[in-house]
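Those letters in the sequence shown? Residues 1 to 396, by full-length UniProt numbering. Backbone N, C-alpha and C define an ideal beta-carbon position, used for all residues, glycine too. Quantities reported herein were computed from a predicted structural model and do not represent experimental measurements. Read through the structure below, which is laid out as structure tokens, and then see the notes.
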Amino acid sequence: MKPTLLLLAVLVGLTACKSSKAEHEDEHGHGNEEASPEKLHVESGDVIHVHVPQEMLRDLRVTTAKVEARPGGESVTALGELTFSEDAYAEVSSPVSARVGSVAVTTGQAVKQGQRLAELQSPELGRARADLQATQARATAARQTADRKRTLAEERIVARKDVQAAEADAAAAEAEVAAAKAALTALGAGNAGGDGTSGFVLKAPIDGTVVERTARLGQMADPSQPLFHIGDLSSLWLVVHAFERDAVRLKPGAEARVTFAAFPGQEFAAKVGHVGQRVDPRSRTIPVRLELDNGKGLLRPGMSASASIPLGEPGATLTAVPAAALQRLANGWVVFLPTAEAGVFEQREVGRGRSLGTQVEVLSGLVVGDEVVVEGAFLLKAEVEKSEGGGDEHGH
Numbered sequence: 001m002k003p004t005l006l007l008l009a010v011l012v013g014l015t016a017c018k019s020s021k022a023e024h025e026d027e028h029g030h031g032n033e034e035a036s037p038e039k040l041h042v043e044s045g046d047v048i049h050v051h052v053p054q055e056m057l058r059d060l061r062v063t064t065a066k067v068e069a070r071p072g073g074e075s076v077t078a079l080g081e082l083t084f085s086e087d088a089y090a091e092v093s094s095p096v097s098a099r100v101g102s103v104a105v106t107t108g109q110a111v112k113q114g115q116r117l118a119e120l121q122s123p124e125l126g127r128a129r130a131d132l133q134a135t136q137a138r139a140t141a142a143r144q145t146a147d148r149k150r151t152l153a154e155e156r157i158v159a160r161k162d163v164q165a166a167e168a169d170a171a172a173a174e175a176e177v178a179a180a181k182a183a184l185t186a187l188g189a190g191n192a193g194g195d196g197t198s199g200f201v202l203k204a205p206i207d208g209t210v211v212e213r214t215a216r217l218g219q220m221a222d223p224s225q226p227l228f229h230i231g232d233l234s235s236l237w238l239v240v241h242a243f244e245r246d247a248v249r250l251k252p253g254a255e256a257r258v259t260f261a262a263f264p265g266q267e268f269a270a271k272v273g274h275v276g277q278r279v280d281p282r283s284r285t286i287p288v289r290l291e292l293d294n295g296k297g298l299l300r301p302g303m304s305a306s307a308s309i310p311l312g313e314p315g316a317t318l319t320a321v322p323a324a325a326l327q328r329l330a331n332g333w334v335v336f337l338p339t340a341e342a343g344v345f346e347q348r349e350v351g352r353g354r355s356l357g358t359q360v361e362v363l364s365g366l367v368v369g370d371e372v373v374v375e376g377a378f379l380l381k382a383e384v385e386k387s388e389g390g391g392d393e394h395g396h
């Protein structure tokens, strides 16, 4: 019996040690986690939460974005180049061969319609103005002569045929005035200026920005070469080329998403303004005009772009989040949502759909308006994986 009693005593001792150790871990192990808020940790349960201390939160640089609805259904991707709106672009050249006397604006300067751009000197214009001045003087004299002879004819001093001849001369002189004015109009000077001077002013035909200036002081300007290019940068056109099978399904007014190589990761909204009426016989494509608002002035004509345009009838929508917000765990895709408590983020499983450029379609788990973590989501995911790999039972 003594060996048996000895074995029982050893077993009781071991049980007591394990119980004491478990109580010690319960009192001190978990207590240390609560007493050490500076450590990032994960809490599991029906909903998993990631706790990030404030000092670590500053280093994470967490950014968030709203879950949004965007045009859904089938879409087509087309490439194109940004350009000015045809209704808000002008090339300004001298209407006649002339020398640039002064330049009033420079590249990048905003101008208003009618604002002075440059002053030029043209001998040809000077001659045309001198001709107008001379013909106006002859017409005035001829009209005065006709009026005087008409008065004399009423007093029977001159013959009626002399009055008719004077009237014919006056009409001929007035026709010469009209011809001289038409010549000035053809030279771009209109009816202005009968003083014989050779100078004239180029003015801006539209509101906009001087995007190019070739005018130089003393330069000889040719009517075929523009001196100024003026365009309105606040609203631009993107002309893309869609295959005919897709272009015929595009609807004016449909909302498109545009990305530019110059701005990776950013999307710009656009609307289909016009679908071309002719198919290019070589590429079998149709030009499609998209209209973009450029109120912030980020975009420049000439930039290359890719546009995603919905096909068919507008109205279908889908739920989308930035691609960086979705993170892959062993059991599927998740996002992290900030909670009302600072530094605490909820992990939520979602159904992932198709890629949409810089965004991803979400099939389940989120609704439009939810706020998700974008920058910093990868680090939150890494912490969850670390905690799960450490043996903590999180259930997910």
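C-beta atoms of residue i and residue j nearer than 8 Å
{"i": "residue 326", "j": "residue 250", "result": "no"}
{"i": "residue 298", "j": "residue 381", "result": "no"}
{"i": "residue 276", "j": "residue 287", "result": "yes"}
{"i": "residue 307", "j": "residue 257", "result": "yes"}
{"i": "residue 268", "j": "residue 50", "result": "no"}
{"i": "residue 373", "j": "residue 362", "result": "no"}
{"i": "residue 82", "j": "residue 236", "result": "yes"}
{"i": "residue 135", "j": "residue 173", "result": "yes"}
{"i": "residue 149", "j": "residue 169", "result": "no"}
{"i": "residue 119", "j": "residue 146", "result": "no"}
{"i": "residue 421", "j": "residue 110", "result": "Outside the displayed span of the chain (1 to 396) sits residue 421, for which this structure offers no information."}
{"i": "residue 204", "j": "residue 292", "result": "no"}
{"i": "residue 360", "j": "residue 67", "result": "no"}
Pick from the options that is closest to residue i, judged by C-alpha positions
{"i": "residue 108", "options": "233, 273, 257, 287", "result": "233"}
{"i": "residue 303", "options": "141, 84, 177", "result": "84"}
{"i": "residue 220", "options": "341, 370, 122", "result": "122"}
{"i": "residue 358", "options": "296, 300, 182, 324", "result": "324"}
{"i": "residue 264", "options": "322, 140, 352, 100", "result": "322"}
{"i": "residue 241", "options": "270, 224, 290, 113", "result": "290"}
{"i": "residue 348", "options": "339, 386, 375, 63", "result": "339"}
{"i": "residue 94", "options": "354, 75, 87, 124", "result": "124"}
{"i": "residue 270", "options": "284, 211, 261, 305", "result": "305"}
{"i": "residue 378", "options": "130, 334, 366", "result": "334"}
{"i": "residue 385", "options": "341, 331, 353", "result": "331"}
{"i": "residue 212", "options": "227, 343, 100, 202", "result": "227"}
{"i": "residue 132", "options": "76, 183, 147", "result": "183"}
{"i": "residue 448", "options": "75, 57, 74, 88", "result": "Since the first and last residues shown for the chain are 1 and 396, residue 448 lies out of range."}
{"i": "residue 53", "options": "343, 208, 161", "result": "343"}
{"i": "residue 127", "options": "180, 278, 370", "result": "180"}
Continuous beta strand (DSSP E) stretch holding residue i: start and end
{"i": "residue 371", "result": "371 to 373"}
{"i": "residue 293", "result": "285 to 293"}
{"i": "residue 309", "result": "304 to 310"}
{"i": "residue 300", "result": "No beta strand (DSSP E) holds residue 300; DSSP gives it neither H nor E."}
{"i": "residue 355", "result": "344 to 356"}
{"i": "residue 119", "result": "116 to 121"}
Check: residue i C-beta below 7 Å from any heavy atom of the ligand ADP
{"i": "residue 103", "result": "As far as ligands go, the structure on display features none, and thus does not contain the ligand ADP."}
Exposure of residue i, with buried meaning 16 or more beta-carbon neighbours within 10 Å
{"i": "residue 157", "result": "exposed"}
{"i": "residue 376", "result": "buried"}
{"i": "residue 319", "result": "buried"}
{"i": "residue 223", "result": "exposed"}
{"i": "residue 112", "result": "exposed"}
{"i": "residue 71", "result": "buried"}
{"i": "residue 92", "result": "buried"}
{"i": "residue 155", "result": "exposed"}
{"i": "residue 114", "result": "exposed"}
Uninterrupted alpha helix (DSSP H) stretches inside the segment 188 to 267 (no shorter than 4 residues) = 244 to 247
Run through the segment 41 to 99 for me and flag every whole beta strand (DSSP E) of 3 or more residues, listed as ranges in chain order.
-> 41 to 43, 48 to 51, 64 to 66, 68 to 71, 75 to 84, 89 to 92
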